[in-house]
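Visitor: Before I ask anything, here is the structure I am working with.
Following this line, the structure appears as structure tokens:
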């Protein structure tokens, strides 16, 4: 049956409208991302802020130490240079990046599909990318609709965009002459290197996709493609090793805290909840694996699932998140199946019901499969739509005034900006991990972080000391910890369980229940 999805022109127009709509959605809502206190966006803002203040010797953006940060990536360095040259704030730079990452990703995704003569599946695959989750992950590499406004600021989004650029370039030159091939190899290697340096786990996916392009090409082209893949790998590695802001070898070694970076709870949620629908539904494309794009998509999907299982056994943080990162690739296989079976709203409302009522077992099975797909899409979409209209870090601030409802925004940015206005750059603050998480975005440093740094040592001890500081009743022990970390201030929210530690005589600044206290005066007040 001929459907809307068979009209390339209409699909192209619809996909363009879909991409622009997502971009506008992100542009309108990403400014509210600071209303989520524990968002990843804080750490990326701190990195850009630190680099914009001191590009070449920035020190650590989280702790008052000299070691670099894994977040000093080409992405963050580029945004810091933009801030230094234009005078815009790092927050604004990241907002612009979120918009450009959104538009750029969906444009490059279409360009990639077009290289395989598969632009007709772009709309179906694109809708799956943002809706087909068991639950919106709220985690790096998520393209869930409700995650876009606060995750498209992340370097993981930029890295995924570059992965598709790299894959598209290499697919294009599989049968080109020498000079175009060399140019494409150099460009693809640069894209892959920047992807790896900007977000290592996403970069690993990029490398896997490059290797598995060998499967997609005709058998007569596999030797040539293998040589191209090796060339890209060698050149990309050389570029990574040349990165001046941190040592790539140290990053590849995995850092000092494997107990933190490998998180089995996240791995379980990823396998059993977040990614389960898309990978299960991608199996429906197995009968169409003769198509190069479908074959490549299924190969990448299978590889990341296997590597994800391996990571469970080996406790490898580098491999653990690959299935989440690869969901856009799996959506390609699902999108191809949707287009092939004509899975459109018209089918849902008419042919689907007829198929379910049919006496033909094969037609019953096909319709049941299509029904399960619809259920999976709705299961992923409805909670996201609810979150978008109800959460203060999403669209609620825009919708609430229209309905005469409270926007429920905690006003985190203005609160922290007011309270921390008197900080000198690098001032160290003792706080609980939740309250203290935004502090580096205002020039301060913290003792213990909600998200660890890859190259910093002694972070488990920092976490233990942070808990011990507020738990102990020994003034001497507290004084020793303040001296050890050169703490100048203590930050506590009146709404937290630590509110009993607030001492009025030590208060330096307060706003909206957030209290900043002088550490020495705080100790003296405890002595009284």
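Numbering (UniProt numbering), first residue to last: 1 to 528.
Glycine included, C-beta positions come from ideal geometry on N, C-alpha and C.
In this text the structure is predicted, and so the values were computed from the model without any measurement.
In whole angstroms, give me the CA-to-CA distance for residue 129 and residue 419.
Guide: Using only the alpha carbons, I get a separation of about 40 Å.
Visitor: Does residue 56 pass the burial test, meaning 16 or more other C-beta atoms within 10 Å, or should it be called exposed?
Guide: When all chains shown are included, residue 56 counts as exposed.
Visitor: Measuring CA to CA, which of 454, 223, 318 and 446 is closest to residue 462?
Guide: The candidate whose alpha carbon is nearest that of residue 462 is 446.
Visitor: Taking only the alpha-carbon atoms, compute the straight-line gap between residue 290 and residue 319 and give it to the nearest angstrom.
Guide: Computed Cα separation, rounded: 28 Å.
Visitor: Measure the alpha-carbon distance for residue 416 versus residue 80 and round it to whole angstroms.
Guide: Each residue's alpha carbon lies about 22 Å from the other.
Visitor: Taking the alpha helix (DSSP H) that residue 518 belongs to, which residues open and close that run?
Guide: Unbroken run through residue 518 is the beta strand (DSSP E), 514-518; no alpha helix (DSSP H).
Visitor: Can you tell me whether residue 209 is buried or exposed, with buried defined as 16 or more other CB within 10 angstroms of its CB?
Guide: Result: buried.
Visitor: Following the continuous beta strand (DSSP E) through residue 491, name the residue where it begins and the one where it ends.
Guide: Per DSSP, residue 491 belongs to the beta strand (DSSP E) from 487-493.
Visitor: Go through its chain and collect everything with a Cβ distance to residue 105's Cβ below 6 Å, but skip five positions before and after it.
Guide: Closer than 6 Å at Cβ, skipping near neighbours: 161.
Visitor: For residue 184, which residues of its own chain have a beta-carbon under 6 Å away from its beta-carbon, when the five flanking residues on both sides are left out?
Guide: Here the set comprises 169 and 173.
Visitor: Less than 8 Å between C-beta atoms, sequence neighbours within five positions excluded: which residues of the same chain meet that for residue 231?
Guide: Answer for residue 231: 185 and 189, listed in chain order.
Visitor: Taking all protein chains shown into account, do 16 or more other C-beta atoms lie within 10 angstroms of the C-beta of residue 412, making it buried, or fewer, making it exposed?
Guide: Under this definition residue 412 is a buried residue.
Visitor: Excluding the five sequence neighbours on either side, which residues of its own chain have a C-beta within less than 6 Å of the C-beta of residue 303, listed in chain order?
Guide: Answer for residue 303: 208, listed in chain order.
Visitor: What does a CB cutoff of less than 7 Å around residue 339 pick up in its chain, not counting 5 residues either side in sequence?
Guide: Excluding residues within five positions, the ones whose Cβ falls inside 7 Å are 5, 120, 121 and 124.
Visitor: Can you tell me where the alpha helix (DSSP H) holding residue 214 begins and where it ends?
Guide: Unbroken alpha helix (DSSP H) run through residue 214: 200-216.
Visitor: Since residue 445 sits in a beta bridge, which residues does DSSP pair it with?
Guide: Paired residues: 428.
Visitor: Output yes or no for whether 7 Å exceeds the beta carbon distance between residue 74 and residue 194.
Guide: Contact: yes.
Visitor: Whole angstroms is fine: what's the gap from residue 277's alpha carbon to residue 48's?
Guide: The straight-line gap from Cα to Cα measures roughly 36 Å.
Visitor: Since residue 163 and residue 206 should fall inside the 8 Å C-beta cutoff, what is the C-beta to C-beta distance between them, to a whole number of angstroms?
Guide: Right, their Cβ atoms sit about 4 Å apart.
Visitor: How many angstroms separate the CA atom of residue 532 from the CA atom of residue 38?
Guide: Only positions 1 to 528 of the chain appear in the structure, and residue 532 is not among them; the question remains open.
Visitor: Which runs of the alpha helix (DSSP H) at least 4 residues long sit entirely within the region 257-320? Give them in chain order.
Guide: Whole alpha helix (DSSP H) segments, 4+ residues: 258-261, 264-269, 276-282, 292-314 and 317-320.
Visitor: Drop a sphere of 10 angstroms on the beta-carbon of residue 218, count the other beta-carbons inside from all chains shown, and report buried for 16 or more, exposed for fewer.
Guide: So residue 218 counts as exposed.
Visitor: Look at the Cβ atom of residue 30, then the Cβ atom of residue 76, and state whether they are nearer than 7 Å.
Guide: It is not a contact, given that the beta carbons lie outside the stated cut-off.
Visitor: For residue 531, which residues from the same chain have a beta carbon less than 7 Å from its beta carbon, with the 5 sequence-adjacent residues on both sides left out?
Guide: Residue 531 is absent from the structure shown; the chain starts at 1 and stops at 528.
Visitor: Considering only residues of the same chain and omitting the five flanking positions on each side of residue 108, which have a CB-CB separation below 8 Å?
Guide: If we look at residue 108 and ignore the five residues flanking it on each side, its Cβ neighbours are 161, 164, 165 and 168.
Visitor: Is residue 165 helix, strand or coil by DSSP?
Guide: Of the three classes helix, strand and coil, the one that applies to residue 165 here is helix, per DSSP.
Visitor: In or out: residue 490 buried (at least 16 other Cβ within 10 Å) or exposed?
Guide: The residue is buried, with at least 16 neighbouring Cβ atoms inside 10 Å.
Visitor: How close, in whole Å, do the beta carbons of residue 213 and residue 171 come, if the pair is a contact with beta carbons under 8 Å?
Guide: Confirmed, Cβ separation roughly 6 Å.
Visitor: Take residue 576 as the anchor and find which of 201, 20 and 33 has the nearest alpha-carbon.
Guide: Residue 576 cannot be examined here, being either before or after the span of the chain that is shown, 1 to 528.
Visitor: Could you say which of 442, 54, 66 and 457 lies nearest to residue 46 if we only look at CA atoms?
Guide: Looking at the Cα atoms, 442 is the closest of the given residues.
Visitor: Taking 8 Å as the cut-off, does the region 374-388 touch the region 134-148 (at least 3 CB pairs, one atom from each stretch)?
Guide: Short answer: they touch.
Visitor: Can you tell me the Cα-Cα spacing of residue 274 and residue 495, whole angstroms?
Guide: Straight-line Cα distance between these residues: approximately 32 Å.
Visitor: Compute the distance between the beta-carbons of residue 397 and residue 32, then report whether it is under 7 Å.
Guide: Against a cut-off of 7 Å, the Cβ pair of residue 32 and residue 397 comes out as a contact.
Visitor: Can you list, in chain order, the stretches of the beta strand (DSSP E) that have 3 or more residues and sit fully within the region 371-426?
Guide: For the region 371-426, not a single whole beta strand (DSSP E) run of length 3 or above is found.
Visitor: In the DSSP assignment, the alpha helix (DSSP H) including residue 508 goes from what residue to what residue?
Guide: Where residue 508 is concerned, there is no enclosing alpha helix (DSSP H), although the beta strand (DSSP E) it sits in stretches over 507-511.
Visitor: So is residue 270 buried or exposed if we call it buried at 16+ other beta carbons inside 10 Å?
Guide: The residue in question, residue 270, is buried, as its Cβ has 16 or more Cβ neighbours within 10 Å.
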